[in-house]
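Notes for the one structure printed next.
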Amino acid sequence: MEDHLPQSVRVERRPVSEGESRRANGPDWDRYADEYQATHGAFLGDAGFVWGPEGHTEDELGILGEVDGLDVLEVGSGAGQCSRWVRTHGGRGFGLDLSHRQLQHSLRLDEETGVAVPSVRGTATELPFASAAFDIVFCSFGALQFISDIDDAVAEVARVLRPGGRFAFSVTHPTRWMFPDDPGDAGLTATQSYWDRTPYVEVDDASGVVSYVEHHRTLGDWVRLLAGHGFTLHDLVEPEWPEHHDRVWGGWSRARGLLTPGTAIFVAHIRSS
Ligand SMILES: C[S@@+](CC[C@H](N)C(=O)[O-])C[C@H]1O[C@@H](n2cnc3c(N)ncnc32)[C@H](O)[C@@H]1O
């Protein structure tokens with residue numbers, strides 16, 4: 047969902063390790079956080095829960111089910127808007143994010159709204175929580191597509207969930223990886239193989255340092271990942287572009303959204319054993 051690309055940056059598709067992904071994405075989100083919150087904060091809502099650029103909310107979709115009285119972890123929580131929504135609905139929402147600056151925005155919103163989301167800086171591949179500590183884990187475009195070692199992240203979610211607990215997450219719809227990330231007509235012609243999992247990488251031209259990474263998994267990859275870590279998949283929600291929605295967010299636009307899905311929301315439960 048990044049929509050910033052300085053001129054001094056070149057784009058590549060090439061393999062990148064988990065360490066390199068994290069070293070790039072943490073500082074990148076630190077640099078980008080102020081602009082991200084200034085651009086998208088009002089759309090997200092300080093205590094709102096939006097699942098993706100199409101603007102569908104948890105109030106509309108009911109992906110998490112009842113959260114009242116439950117322990118809920120948001121991975122890649124950013125400024126904690128979704129977890130703040132959980133708190134206003136009776137859940138004990140907690141946040142985790144890689145970016146220090148995103149978490150500073152979370153603290154700012156805690157103060158401004160009077161609804162505090164206890165949050166920790168960390169990575170989705172090593173959750174700093176006890177096993178079976180949560181009833182629900184979710185990500186709204188948080189963390190998962192920025193991670194190379196996705197097996198470790200899904201295993202960690204399985205570990206911290208209580209038996210029968212729910213895991214729900216939204217990511218860029220995997221079919222979008224066939225198209226240029228362009229909100230206009232150019233974004234409607236498939237130019238890349240859906241099955242090419244080579245990561246999207248931005249490299250700073252001057253230093254050669256990797257400054258941003260996103261990882262692609264096909265729909266089948268996600269199903270296999272979930273099944274392989276003891277999850278049962280209950281739903282795959284592909285939100286349609288709303289009739290009167292006309293907001294552009296990076297490569298998401300009305301022109302593309304009316305024809306192709308932009309967001310995939312997976313809903314799974316960990317088997318009770
Ligand atoms: C697109 S933002 C989404 C944030 C929030 N869910 C929202 O809707 O605004 C992605 C977030 O994932 C975080 N992130 C990236 N890699 C991560 C990782 N390895 N572990 C935890 N968070 C990560 C980023 O710092 C960023 O805040």
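Quick note on our numbering: the sequence shown kicks off at 47 and runs consecutively. The beta-carbon is built from N, C-alpha and C at its ideal position, and this holds for glycine as well.
What first and last residue would you give for the alpha helix (DSSP H) that runs through Ala189? On the sequence shown, residue 189 is found 143 positions in, with the first residue counted as 1. Per DSSP, Ala189 belongs to no alpha helix (DSSP H) and is neither H nor E.
Rounded to whole angstroms, what's the CA-CA distance from Gly254 to Glu66? Just pull it up for me. Along the sequence shown, read from residue 1 onward, the residue named residue 254 stands at position 208. Along the sequence shown, read from residue 1 onward, the residue named residue 66 stands at position 20. Using only the alpha carbons, I get a separation of about 13 Å.
Looking at C-alpha atoms only, which residue of Trp131, Arg154, Ala125 is the closest neighbour of Ser145? Here residue 145 refers to the residue found at position 99 when the sequence shown is read from its first residue. Taking only the C-alpha atoms, the option nearest Ser145 is Ala125.
In terms of residues, what are the limits of the beta strand (DSSP E) holding Thr309? Looking up residue 309 in the sequence shown gives position 263. First-last of the beta strand (DSSP E) with Thr309: 309-316.
Selected residue, minimal CA-CA separation from Pro73, among Leu149, Val206, Trp241: Stepping through the sequence shown from its first residue, residue 73 is reached at position 27. Considering only alpha carbons, the answer is Leu149.
Where Leu142 falls: helix, strand or coil (DSSP): As a first step, residue 142 is located in the sequence shown; it is residue number 96 there, counting from the start. Looking at Leu142 - three-state DSSP - the assignment turns out to be strand.
Closest by CA to Gly122, which one among Ala176, Ala170, Ala301? Looking up residue 122 in the sequence shown gives position 76. Closest by alpha carbon: Ala170.
Thr309 classed as buried or exposed, judged by whether at least 16 other C-beta atoms fall within 10 angstroms: One-based indexing of the sequence shown puts residue 309 at position 263. Burial call: buried.
Based on DSSP bridge pairs, tell me the residues matched to Trp298. For the purposes of this step, residue 298 is identified with residue 252 of the sequence shown, where counting begins at 1. In the DSSP output, where bridge partners are listed per residue, Trp298 has Trp295.
Going along the chain, which residues of its own chain have a beta-carbon closer than 6 Å to the beta-carbon of Met47, five neighbours each way excluded? Indexing the sequence shown from 1 puts residue 47 at position 1. Reliability of the predicted coordinates at Met47 is poor, the pLDDT of 45 falling under 50, and no value is obtained from them.
Option nearest His312 by Cα separation, candidates Thr218, Ser54, Ser152: Along the sequence shown, one-based indexing puts residue 312 at 266. Before going further, note that residue 312 is Phe rather than His in the sequence given. With distances taken between Cα atoms, Phe312 lies closest to Thr218.
Assign Ser318 to buried or exposed, taking buried as 16 or more other Cβ atoms, counted over all protein chains shown, within 10 Å of its Cβ. Along the sequence shown, read from residue 1 onward, the residue named residue 318 stands at position 272. So Ser318 counts as exposed.
Reducing DSSP to helix, strand and coil, say where Ala179 ends up. Here residue 179 refers to the residue found at position 133 when the sequence shown is read from its first residue. Three-state result, Ala179: coil.
Find the nearest neighbour of Pro99 within the set Ala314, His315, Gly303, judged by alpha-carbon distance. Start at 1 with the first residue of the sequence shown, and residue 99 comes out as number 53. Comparing Cα-Cα distances from Pro99 to each of Ala314, His315, Gly303, the minimum goes to Gly303.
Closer than 8 Å: Val96 CB and nearest ligand 1 heavy atom: The count along the sequence shown starts at 1 and reaches residue 96 at position 50. True, at least one ligand heavy atom lies under 8 Å from that Cβ.
So who's on the other strand from Tyr258, going by DSSP bridges? As a working mapping, residue 258 is identified with position 212 in the sequence shown. Glu248.
Pick from Phe213, Glu120, Asp143: whose alpha carbon is nearest that of Trp75? Here residue 75 refers to the residue found at position 29 when the sequence shown is read from its first residue. Measuring from the Cα of Trp75, the nearest candidate turns out to be Asp143.
What are the residues that DSSP puts in a beta bridge with Arg212? Mapped onto the sequence shown, residue 212 falls at position 166. The partner list for Arg212 (beta bridge, DSSP) reads Ile182, His315.
If we count Cβ pairs, one from each stretch, closer than 8 Å, do we get three or more for the segment 86-96 versus the segment 127-137? yes
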